[in-house]
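Colleague: Just so we're aligned: the sequence shown equals residues 4 to 266 in my numbering. All C-beta atoms in this analysis are idealised placements derived from N, C-alpha and C, irrespective of residue type, glycine included. Just dropping this structure here.
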Amino acid sequence: MSNRHSRELLRVEALEKRFGTLSVLRQVDLSIDRGEVVSIVGSSGSGKSTLLRCLNLLEEPSGGRIIFDGRVVAERANDAAALKLDKDYPPSRLRMDVGMVFQQFNLWPHMSVIGNVAAPLRFSRKVPIREAEERAEAMLAKVGLSHKIREMPSRLSGGQQQRVAIARALVMQPRAMLFDEVTSALDPELVGEVLEVLRELAGEGMTMVMVTHEMQFAREVSDRVAFMDGGVVAEIGPPEQLFVDPQQARTRTFLARYLATTR
């Protein structure tokens, strides 16, 4: 049941994810408030991307609960138990409300830019093509690509392709957005244009969870930063606390190089 009066929008409780004998997430608890920007940082293999993919059930949890807007959308007691889903709110609907953008752009190469952005509206929400394209054009204007709507993806730079991917997710009017290292596949000179779009979304009050290695950006735009290590959230707090006065030795070690260059 929707609970729009609560500040909390998305929460995981005792979340676990295993691939065979490999435990990737271990008893993770995390809550995200409406309009909050949470960045997740940590070393490669710490479970960051797996956590993000569990938040909208692109990965099925091995244990724990996922709660969206007060509704338990997925629950699993343990590996041996079946995953319990809310029959009135299936994963396909959750993914409309919790959009995601990946490292790779995943654009359809045979579709134009406007076709890529309009496609989710046409095929998931059954919006008529003219209306879908009008809404897609407005979203492309938002990410600064009005002049590229008829281009094919292969003719765009990496930064432009990633902005198209962001527009494609936003056109569904999600209530929260997940970003998984969206600048990691870009040449350094193209990173800024994508971060500027994310900065604008944060300023507009979009609920956002970002896995990122852009530490300065995370520090500037986040309400909270979570440091993951070994499949757990080792530390979480406001960026100034985490970056300036981390409480855990593991966090201090991870941030040592970054801190040394910014003091």
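Between which two residues does the beta strand (DSSP E) containing ILE239 stretch?
Modeller: Element bounds for ILE239: 235-240.
Colleague: Taking the beta carbon of VAL82 as the centre, do at least 16 other beta carbons fall within 10 Å, making it buried, or is it exposed?
Modeller: This sequence places Asp at residue 82; Val is not what is there. ASP82 comes out exposed.
Colleague: For SER5, which residues in the same chain have their Cβ closer than 8 Å to its Cβ, ignoring the five residues on either side in sequence?
Modeller: With a pLDDT of 49 at SER5, under the threshold of 50, the predicted position of this residue should be treated as unreliable, though the coordinate-derived value follows. ASP72, GLY73 and ARG74, listed in sequence order.
Colleague: Please list the terminal residues of the continuous beta strand (DSSP E) segment that includes GLY102.
Modeller: Its beta strand (DSSP E) spans residues 101-104.
Colleague: From VAL228, PHE257, VAL212 and GLU238, pick the residue whose C-alpha is nearest to that of GLY38; which is it?
Modeller: Considering only alpha carbons, the answer is VAL212.
Colleague: Below 8 Å between beta carbons: does that hold for LEU198 and GLU217?
Modeller: For LEU198 and GLU217, yes; Cβs fall inside 8 Å.
Colleague: Is it true that the CB of LEU181 sits closer than 8 Å to the CB of GLY162?
Modeller: For GLY162 and LEU181, no; Cβs fall outside 8 Å.
Colleague: Taking the alpha carbon of ASN109 as the reference point, which residue from ALA122, VAL101 and VAL27 has its own alpha carbon closest?
Modeller: Nearest C-alpha to ASN109: ALA122.
Colleague: In its own chain, which residues sit with a C-beta less than 8 Å from the C-beta of GLN106, not counting the 5 before and 5 after it?
Modeller: Cβ neighbours of GLN106 beyond the five flanking positions: ASP183, GLU184, VAL185, SER187 and ALA188.
Colleague: Looking at ARG56 and SER34, is the spacing between their C-beta atoms short of 8 Å?
Modeller: Taking 8 Å as the Cβ cut-off, SER34 and ARG56 do not qualify as a contacting pair.
Colleague: Mapping the DSSP letters down to three states, classify SER270 as helix, strand or coil.
Modeller: For residue 270 there is no data in the structure shown, the boundaries of the chain being 4 and 266.
Colleague: Return the CA-CA distance between GLY66 and HIS113, expressed in angstroms with no decimal places.
Modeller: Near 39 Å, if we compare the C-alpha coordinates of HIS113 and GLY66.
Colleague: Between which two residues does the alpha helix (DSSP H) harbouring THR53 extend?
Modeller: That run of the alpha helix (DSSP H) goes 51-58.
Colleague: Could you pull the start and end residues of the alpha helix (DSSP H) that ALA221 belongs to?
Modeller: Residues 218-224.
Colleague: Would you mind working out which of ILE152, GLU63, PRO94 and SER46 sits nearest PHE22, comparing C-alpha positions?
Modeller: If we check each option's Cα against that of PHE22, GLU63 comes out closest.
Colleague: Would ARG165 be called buried (16 or more neighbouring beta carbons within 10 Å of its own) or exposed?
Modeller: Reading off the sequence, residue 165 comes out as Gln, not Arg. Label assigned to GLN165: buried.
Colleague: Tell me which residues share the same chain as TYR92 and place their Cβ nearer than 7 Å to its Cβ, disregarding the 5 neighbours each side in the sequence.
Modeller: Once the five neighbours on either side are set aside, the close Cβ partners of TYR92 are ARG74 and VAL76.
Colleague: Output the boundary residues of the alpha helix (DSSP H) element that contains ALA172.
Modeller: Taken as a continuous stretch (DSSP letters only), the alpha helix (DSSP H) holding ALA172 covers 161-173.
Colleague: Is the beta carbon of LYS289 sitting closer than 8 Å to the one on THR53?
Modeller: Within the shown structure, residues of the chain are numbered from 4 to 266, placing residue 289 beyond reach of any answer.
Colleague: Can you list, in chain order, the residues of its chain whose CB lies under 6 Å from that of GLN244, leaving out five sequence neighbours each side?
Modeller: Around GLN244: no qualifying Cβ.
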